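Heads up, the sequence shown is in this note's numbering, so the first residue is 941 and it goes up one at a time. Note that the Cβ used here is the ideal one computed from N, Cα and C, for glycine as well. Source: prediction; values computed, not measured. In what follows, a structure is listed as structure tokens, so that the remarks can point back to it.
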Amino acid sequence: MPQYGAGVSFSKMKRKMQKRKDRKQTKKKRRIKTRLRKLDSELDREVSRKLGISTSKEKPCQCGTHRYKGTEPTPRGLGKCEECIPLHVILRGKDGQLYENKGNTWSLL
């Protein structure tokens, strides 16, 4: 910072310092943004590749909050989740047998 005589006010010096600081910060920000943009584009490309390969094999239950595969022999295989159906309710499973809801699990009768 150059030295001036007593005729320069502090506010004027402060403005000069802020201008210098702003210029440095804008250059730095510009460089960071380009790096981030490049990383984001690479990540987007990877995500799009992964979405094309894998498909979701689980379906939502009738309540809409839980998921099931459909291969279970219990009523969960038909879309009836044991978390949302009341306790001690008897339902027929996918294999044709009767199941009772006992504390968030289906038990065979």
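Between the alpha carbons of Pro1000 and His1028 lies a gap of roughly 23 Å. Counted as a single uninterrupted DSSP element, the stretch harbouring Arg1016 is not any beta strand (DSSP E), since DSSP gives it neither H nor E.
Residue nearest to Gly1036 within the set Ile1025, Lys1042, Leu1049 and Glu998 is Leu1049 (criterion: CA-CA distance). Within the model, the alpha-carbon separation for Gly947 versus Met953 is close to 11 Å. Counting along the chain, the unbroken beta strand (DSSP E) around Asn1041 starts and ends at Leu1038 to Asn1041. Taking all protein chains shown into account, Arg1016 has 16 or more neighbouring C-beta atoms within 10 Å of its C-beta and is therefore buried. DSSP places Lys999 in the strand class (E or B) of the three-state scheme.
Partner residues in a beta bridge of Ser951, as assigned by DSSP, do not exist. Between Lys1020 and the set Gln1002, Phe950 and Gly1043, the nearest pair of CA atoms involves Gln1002.
Pairing Pro1013 with Gly1043 gives a Cβ-Cβ distance that is not under 8 Å.
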